[in-house]
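Number of protein chains: 2
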Amino acid sequence: MRELEERIRREALAVLPDILRVDMFLNHMIDPVLLEGMGEEFYRLFAPLCGRVTKILTVEASGIAIACATARRFGVPVLFAKKGLSNKTLDKETYTSVIHSYTKDVTTHVSVARRFLGADDRVLIIDDFLANGAAARGLMDLVDQAGAQLLGIGVAIEKGFQRGGQDLRAQNIWVESLAVIAQLQPLLFREPS
Amino acid sequence: MRELEERIRREALAVLPDILRVDMFLNHMIDPVLLEGMGEEFYRLFAPLCGRVTKILTVEASGIAIACATARRFGVPVLFAKKGLSNKTLDKETYTSVIHSYTKDVTTHVSVARRFLGADDRVLIIDDFLANGAAARGLMDLVDQAGAQLLGIGVAIEKGFQRGGQDLRAQNIWVESLAVIAQLQPLLFREPS
Numbered sequence: 506m507r508e509l510e511e512r513i514r515r516e517a518l519a520v521l522p523d524i525l526r527v528d529m530f531l532n533h534m535i536d537p538v539l540l541e542g543m544g545e546e547f548y549r550l551f552a553p554l555c556g557r558v559t560k561i562l563t564v565e566a567s568g569i570a571i572a573c574a575t576a577r578r579f580g581v582p583v584l585f586a587k588k589g590l591s592n593k594t595l596d597k598e599t600y601t602s603v604i605h606s607y608t609k610d611v612t613t614h615v616s617v618a619r620r621f622l623g624a625d626d627r628v629l630i631i632d633d634f635l636a637n638g639a640a641a642r643g644l645m646d647l648v649d650q651a652g653a654q655l656l657g658i659g660v661a662i663e664k665g666f667q668r669g670g671q672d673l674r675a676q677n678i679w680v681e682s683l684a685v686i687a688q689l690q691p692l693l694f695r696e697p698s
Numbered sequence: 506m507r508e509l510e511e512r513i514r515r516e517a518l519a520v521l522p523d524i525l526r527v528d529m530f531l532n533h534m535i536d537p538v539l540l541e542g543m544g545e546e547f548y549r550l551f552a553p554l555c556g557r558v559t560k561i562l563t564v565e566a567s568g569i570a571i572a573c574a575t576a577r578r579f580g581v582p583v584l585f586a587k588k589g590l591s592n593k594t595l596d597k598e599t600y601t602s603v604i605h606s607y608t609k610d611v612t613t614h615v616s617v618a619r620r621f622l623g624a625d626d627r628v629l630i631i632d633d634f635l636a637n638g639a640a641a642r643g644l645m646d647l648v649d650q651a652g653a654q655l656l657g658i659g660v661a662i663e664k665g666f667q668r669g670g671q672d673l674r675a676q677n678i679w680v681e682s683l684a685v686i687a688q689l690q691p692l693l694f695r696e697p698s
């Protein structure tokens, strides 16, 4: 997606060895025009899923905005996995998995309420980054636990120099990325596969 | 806002003494149609701010979706305050405040990067709940620290039986709520003031 690549090129900060900071338009401040464009592009890429997908699954916090922009076009709800252990405002009955963030070097529990994800659901996962694939695998685990069907995974930015995307595609999972970073410094993009 | 009141009436769960669970359409699963309606309604209520507001400020995670739906209409960026202390993907230079959540009984640091909020900014705060006003005051503190101007506060659901809304309005802060709960059980609404 050209607009996203241009924003990354112009504004993002590479923090070696492998962090790309996009807090100026995606992860802290959010540009609503870019956001809408990203929702539209996911809708275009995953067009065959229209009418089949029943839920967009993401994880708080920075996946929520992109998931909502996408869900609006598919006309289905967003379900965002909560981080941390359950609290008073969430169901006791949850599916729970674990995500290790290499970027932040922390391990986080993520969970969704069982009553919001079931065997009838056909799920599109949407998230901001795909690097090692840890977040995607945590969300896929929630989909599995619910007996739901995974239809695809869409990420805004794929770190093509890490293994996540490659491994998921090797499992025949439909993965779409709006921008793929081939290397951070100097910044090089690669065509999405 | 009639649609929001109806959804609360039909689906929300009151957990006494003072918790209202709206995780089925707002705080965990998000209905994109309701979300768009909420963005439209905030735009209508705060119409005089159009062209003046420069940023929508909220706090992760459940404020993000509503803030984005509102920001799209005003054509300005969302800035969402991060919870917890700073991490590798965020600036070191932040404005930081503290929010005590009575619902969850935890105290959380919230922060925004200094370079995203400045003396030129005119800010509309958008959030999901207003109860004691702790979250609103934490965000207002960030606006103050930045030397920015607060134009108003919009919340989806105000717990009218708690003091937050009353106290803020007594300070001549422009507060709009899409639904005001007068009491939880039996559930009663009150006209937004």
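So the protein sequences, as listed, match chains A and B.
Counting from 506, one number per residue, gives the positions in the first sequence under our numbering.
Counting from 506, one number per residue, gives the positions in the second sequence under our numbering.
Here a beta-carbon is modelled for each residue, glycine too, at the ideal position from N, C-alpha and C.
Could you run through the region 610–642 of chain B and flag, in chain order, every residue whose CB is less than 7 angstroms away from some CB of chain A?
Of all residues in the region 610–642 of chain B, ALA618, PHE621 have a Cβ within less than 7 angstroms of some Cβ in chain A.
Alpha carbon to alpha carbon, what distance is there between B/PRO522 and A/ALA636?
Within the first sequence, numbered from 1, the residue matching residue 636 of chain A stands at position 131. Within the second sequence, numbered from 1, the residue matching residue 522 of chain B stands at position 17. Using only the alpha carbons, I get a separation of about 43 angstroms.
What do you reckon, are the CB atoms on A/SER616 and A/ALA639 nearer than 8 angstroms?
Here residue 616 of chain A refers to the residue found at position 111 of the first sequence. Here residue 639 of chain A refers to the residue found at position 134 of the first sequence. Inclusion of A/SER616 and A/ALA639 in the CB contact set at 8 angstroms is not warranted, their separation being larger than that value.
When the Cα atoms are used, what is the spatial distance from B/ALA687 to B/LEU693?
Within the second sequence, the letter at position 182 stands for residue 687 of chain B. Within the second sequence, the letter at position 188 stands for residue 693 of chain B. Taking the straight line from one Cα to the other gives about 5 angstroms.
Residues of chain B with CB under 8 angstroms from A/HIS533, in chain order?
What you label residue 533 of chain A is simply residue 28 of the first sequence in a count that begins at 1. Result: LEU584, PHE585, LYS587, LEU595, VAL617, ALA618, PHE621.
How about B/ILE535 and A/VAL581: are their beta carbons less than 8 angstroms apart?
Translated into positions along the second sequence, residue 535 of chain B becomes position 30. Translated into positions along the first sequence, residue 581 of chain A becomes position 76. Between B/ILE535 and A/VAL581, the C-beta spacing is not below 8 angstroms.
So, for A/ALA572: in the same chain, excluding its five sequence neighbours on each side, which residues have a beta-carbon less than 6 angstroms away from its beta-carbon?
Here residue 572 of chain A corresponds to residue number 67 of the first sequence, with the count starting at 1. Apart from sequence neighbours up to five positions away, the residues of its chain that approach A/ALA572 with a beta-carbon distance below 6 angstroms are ILE561, THR563, VAL583, ILE631, ordered along the chain.
Which of helix, strand or coil DSSP assigns to B/TYR548:
Along the second sequence, read from residue 1 onward, the residue named residue 548 of chain B stands at position 43. DSSP, read as helix, strand or coil, puts B/TYR548 in helix.
Classify A/PRO553 as buried or exposed, calling it buried when 16 or more other Cβ atoms lie within 10 Å of its own Cβ.
Taking the first residue of the first sequence as 1, we reach residue 553 of chain A at position 48. Exposed.
Please name the residue, chosen from A/LEU647, A/ALA653, A/GLY643, that lies closest to A/ASP625 on a Cα-to-Cα basis.
Within the first sequence, residue 625 of chain A is the residue found at index 120, counting from 1. Taking only the C-alpha atoms, the option nearest A/ASP625 is A/ALA653.
Terminal residues of the continuous beta strand (DSSP E) containing B/GLU663?
For the purposes of this step, residue 663 of chain B is taken as the residue at position 158 of the second sequence. 654–664 is the extent of the beta strand (DSSP E) around B/GLU663.
Would A/ASP649 be called buried (16 or more neighbouring beta carbons within 10 Å of its own) or exposed?
Counting from one through the first sequence, the residue named residue 649 of chain A turns up at place 144. By the Cβ-count criterion, A/ASP649 is exposed, with fewer than 16 other Cβ atoms from all chains shown falling within 10 Å of its own Cβ.
Nearest to B/LEU509 by alpha carbon, out of B/GLY643, B/ALA574, B/GLY542?
Taking the first residue of the second sequence as position 1, residue 509 of chain B is located at position 4. Selected option, being the one with the closest Cα: B/GLY542.
What does DSSP give as the partner residue(s) for A/ASP464 in the beta ladder?
Given a span of 506 to 698 for chain A in the structure shown, any question on residue 464 of chain A remains unanswerable.
Is it true that the CB of B/GLY659 sits closer than 8 angstroms to the CB of B/LEU629?
Mapped onto the second sequence, residue 629 of chain B falls at position 124. Mapped onto the second sequence, residue 659 of chain B falls at position 154. Contact: yes.
Just the Cα atoms here: how many angstroms apart are B/PHE579 and A/ASP646?
Taking the first residue of the second sequence as position 1, residue 579 of chain B is located at position 74. Taking the first residue of the first sequence as position 1, residue 646 of chain A is located at position 141. Their backbone Cα atoms lie some 38 angstroms apart in a straight line.
What did DSSP end up calling A/GLU696 once you bin it into helix, strand or coil?
Taking the first sequence and counting its residues from 1, the one referred to as residue 696 of chain A is at position 191. Reduced to three states, the DSSP call for A/GLU696 is coil.
Burial state of B/SER682 (16 or more Cβ within 10 Å):
The residue you call residue 682 of chain B lines up with position 177 of the second sequence. The residue in question, B/SER682, is buried, as its Cβ has 16 or more Cβ neighbours within 10 Å.
May I ask you to report which of helix, strand or coil DSSP gives A/LEU529?
Within the first sequence, the letter at position 24 stands for residue 529 of chain A. First, the residue type needs correcting, since residue 529 of chain A is Met and not Leu in the sequence shown. In the structure shown, A/MET529 adopts coil according to DSSP, grouped into three states.
Name the chain A residues whose beta carbon is nearer than 7 angstroms to that of B/ILE569?
Position 64 of the second sequence, counted from the first residue, corresponds to residue 569 of chain B. Those within 7 angstroms of B/ILE569 in chain A are ALA566, ILE569, ALA570.
Spell out the partners DSSP gives B/LYS560 in its beta bridges.
Taking the second sequence and counting its residues from 1, the one referred to as residue 560 of chain B is at position 55. DSSP, once it has assigned bridges, lists B/VAL628 as partnering B/LYS560.
Does any residue of chain A have a CB that is nearer than 8 angstroms to the CB of B/GLY580?
Residue 580 of chain B sits at position 75 when you count from the first residue of the second sequence. Yes, its Cβ sits closer than 8 angstroms to a Cβ of chain A.
On the CB-based measure, 16 or more other CB atoms within 10 Å of its CB, does B/THR612 come out buried or exposed?
For the purposes of this step, residue 612 of chain B is taken as the residue at position 107 of the second sequence. So B/THR612 counts as exposed.
Should B/GLY568 and B/ASP633 be called a contact, given that it needs their Cβ atoms to be closer than 8 angstroms?
For the purposes of this step, residue 568 of chain B is identified with residue 63 of the second sequence, where counting begins at 1. For the purposes of this step, residue 633 of chain B is identified with residue 128 of the second sequence, where counting begins at 1. Yes, the Cβ-Cβ distance between B/GLY568 and B/ASP633 is below 8 angstroms.
May I ask you to report which of helix, strand or coil DSSP gives A/GLU565?
Here residue 565 of chain A corresponds to residue number 60 of the first sequence, with the count starting at 1. Coil, per DSSP.
If I measure Cβ to Cβ from B/VAL680 and keep anything under 6 angstroms in the same chain, skipping five residues before and after, which residues do I get?
Your numbering for residue 680 of chain B matches position 175 in the second sequence. Answer for B/VAL680: ILE658, GLY670, LEU673, ARG674, listed in chain order.
Partner residues on chain B for A/GLU663, Cβ-Cβ distance less than 8 angstroms
In the first sequence, counting from the first residue as 1, residue 663 of chain A sits at position 158. From the beta-carbon of A/GLU663, no residue of chain B is found nearer than 8 angstroms; the closest lies around 16 angstroms away.
Would a C-beta distance cut-off of 8 angstroms place B/GLU565 and A/GLU565 closer than the cut-off?
To locate residue 565 of chain B, count along the second sequence from 1; it is residue 60. To locate residue 565 of chain A, count along the first sequence from 1; it is residue 60. Yes, the pair counts as a contact, with Cβ atoms nearer than the cut-off.
Chain B residues whose Cβ lies nearer than 7 angstroms to that of A/CYS573:
Residue mapping note: residue 573 of chain A aligns to position 68 of the first sequence, counting from 1. ILE535, PRO537, LEU540, ALA570, CYS573, listed in chain order.
Using DSSP with H/G/I as helix, E/B as strand and the rest coil, what is A/ALA684?
Residue numbering aside, residue 684 of chain A sits at position 179 when the first sequence is read from its first letter. A/ALA684: strand per DSSP, three-state reduction.
Can you pull the chain A neighbours of B/ALA651, defined as C-beta to C-beta under 7 angstroms?
On the second sequence, residue 651 of chain B is found 146 positions in, with the first residue counted as 1. By Cβ distance, chain A contributes nothing, its closest Cβ being about 13 angstroms from B/ALA651, past 7 angstroms.
Could you list which residues in chain A have their beta carbon closer than 7 angstroms to that of B/ARG577, in chain order?
The count along the second sequence starts at 1 and reaches residue 577 of chain B at position 72. Residues of chain A passing the Cβ test: PRO537, GLU541.
Shortest alpha-carbon distance to A/THR599 belongs to which of A/ALA618, A/LYS609, A/THR608?
Residue mapping note: residue 599 of chain A aligns to position 94 of the first sequence, counting from 1. Relative to the Cα of A/THR599, the nearest Cα in the group A/ALA618, A/LYS609, A/THR608 belongs to A/ALA618.
How long is the line joining the alpha carbons of B/GLU546 and B/SER698, rounded to whole angstroms?
The residue labelled residue 546 of chain B in the question sits at position 41 within the second sequence. The residue labelled residue 698 of chain B in the question sits at position 193 within the second sequence. If you draw a straight line from the Cα of B/GLU546 to the Cα of B/SER698, it is about 15 angstroms long.
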